[in-house]
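Only one structure is covered here, and it is reproduced in the block below.
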Amino acid sequence: GAVVSQHPSRVICKSGTSVKIECRSLDFQATTMFWYRQFPKQSLMLMATSNEGSKATYEQGVEKDKFLINHASLTLSTLTVTSAHPEDSSFYICSAMGQSGEQYFGPGTRLTVT
Amino acid sequence: AQRVTQPEKLLSVFKGAPVELKCNYSYSGSPELFWYVQYSRQRLQLLLRHISRESIKGFTADLNKGETSFHLKKPFAQEEDSAMYYCALRGSTLGRLYFGRGTQLTVWP
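Chains as they are written, first to last, in this note's numbering: chain W, 108 to 221; chain Z, 124 to 232.
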């Protein structure tokens, strides 16, 4: 089946620094990828929709200048958390959409900002 | 506006007992409904979708448009069914998913 990877799986950074998270579709091309944030024992909150070759579409309340998304190729989307603060600590999950419309989810990235 | 409601945050049953995870939705149109499952320390994965009308791991879900529900059912729960279950909908094939808050199912031995 289709596989989506994320790197890194977990990262710890200091407040004020930036962190980049990669999302890759390993065996299929994805024109659309999604970035979610998940709080402990809670649902997934869609942050933005990433389309290859165009600007990402952000959900209401998500700061586009803080959460930079780049979808440079059909197999790679990146999320950069700029000037991270402790409140940005969370579990970030990406998904990639296959041709049939099914979404395949990555394993997630645990971000801890100290 | 679209909304997915999972009224139970936690659900516990004993092994062999029937289980039903509730999901209600609101959407002005004909949405696609899904159930996703997240086992401990694993990624989210698709369990079933209403258009497939299939049974996966003994689970079934029927879309009831009159009651706007898509409850997930299994007649005999197993310990390995313990997981977080999310109901989700989308309005179009290439559209975004809207998730419910999830139900943590625990099946006791």
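C-beta atoms are modelled at their ideal positions from N, C-alpha and C, and glycine is treated no differently.
Using CA atoms only, rank isn't needed, just tell me which of the options is closest to residue i.
i: threonine 187 of chain W; options: W:Trp142, W:Thr138 and W:Ser132; result: W:Trp142
i: leucine 133 of chain Z; options: Z:Tyr221, Z:Pro232 and Z:Tyr208; result: Z:Tyr208
i: lysine 197 of chain Z; options: Z:Val142, Z:Val127, Z:Lys138 and Z:Arg126; result: Z:Val142
i: leucine 167 of chain Z; options: Z:Leu217, Z:Ser215 and Z:Ala206; result: Z:Ala206
i: lysine 180 of chain Z; options: Z:Gly189, Z:Thr229, Z:Phe199 and Z:Thr191; result: Z:Phe199
i: arginine 176 of chain Z; options: Z:Lys145, Z:Phe193 and Z:Gly139; result: Z:Phe193
i: proline 193 of chain W; options: W:Pro214, W:His178, W:Thr156 and W:Leu218; result: W:Leu218
i: threonine 181 of chain W; options: W:Gly213, W:Thr164, W:Leu153 and W:Glu159; result: First, the amino acid is wrong: residue 181 of chain W is leucine here, not threonine. Answer by Cα proximity: W:Glu159.
i: cysteine 120 of chain W; options: W:Tyr199, W:Asn177, W:Ser190 and W:Phe135; result: W:Ser190
i: serine 202 of chain W; options: W:Pro115, W:Leu153, W:Asp195 and W:Ser125; result: W:Leu153
i: proline 154 of chain Z; options: Z:Leu169, Z:His173, Z:Arg164 and Z:Thr229; result: Z:His173
i: leucine 171 of chain Z; options: Z:Arg164, Z:Tyr162, Z:Trp158 and Z:Gln165; result: Z:Trp158
i: aspartate 204 of chain Z; options: Z:Gln125, Z:Trp231, Z:Val127 and Z:Glu190; result: Z:Trp231
For residue i versus residue j, is the C-beta distance shorter than 8 angstroms?
i: serine 224 of chain W; j: glutamine 145 of chain W; result: It is not possible to answer for residue 224 of chain W, since the shown part of chain W is limited to 108 through 221.
i: leucine 156 of chain Z; j: leucine 195 of chain Z; result: no
i: leucine 217 of chain Z; j: glycine 108 of chain W; result: no
i: leucine 220 of chain Z; j: glutamine 210 of chain W; result: yes
i: proline 166 of chain W; j: alanine 155 of chain W; result: According to the sequence displayed, residue 166 of chain W carries glutamate and not proline. Yes, they are a contact pair.
i: serine 122 of chain W; j: threonine 139 of chain W; result: no
Just curious, the beta strand (DSSP E) that residue i is in, first and last residue?
i: asparagine 187 of chain Z; result: Counting along the chain, asparagine 187 of chain Z falls outside any beta strand (DSSP E), and DSSP gives it neither H nor E.
i: glutamate 129 of chain W; result: 126–132
i: glutamine 227 of chain Z; result: 226–231
i: arginine 145 of chain Z; result: According to the sequence provided, residue 145 of chain Z is lysine. The question's arginine does not apply to it. That residue, lysine 145 of chain Z, is in no beta strand (DSSP E); it is neither H nor E in DSSP.
i: alanine 211 of chain Z; result: 206–213
i: leucine 133 of chain Z; result: 133–137
My parser needs the beta strand (DSSP E) runs of 3 or more residues fully inside the region 184–220 of chain W; what are they? The qualifying runs are 197–204, 210–212 and 216–220.
Below 8 angstroms, how does it come out for the region 212–219 of chain Z and the region 147–164 of chain Z: are there three or more Cβ pairs, yes or no? Yes, since at least three Cβ pairs between the region 212–219 of chain Z and the region 147–164 of chain Z fall closer than 8 angstroms, the two stretches touch.
Could you tell me which uninterrupted alpha helix (DSSP H) segments, each at least 4 residues in length, are contained entirely in the region 136–172 of chain W, listed from first to last along the chain? Taking only runs of at least 4 residues, no alpha helix (DSSP H) segment lies wholly in the region 136–172 of chain W.
At a cut of 8 angstroms, does the region 124–140 of chain Z reach the region 164–177 of chain W through at least three beta carbon pairs? Contact between the region 124–140 of chain Z and the region 164–177 of chain W is absent, because fewer than three Cβ pairs lie under 8 angstroms.
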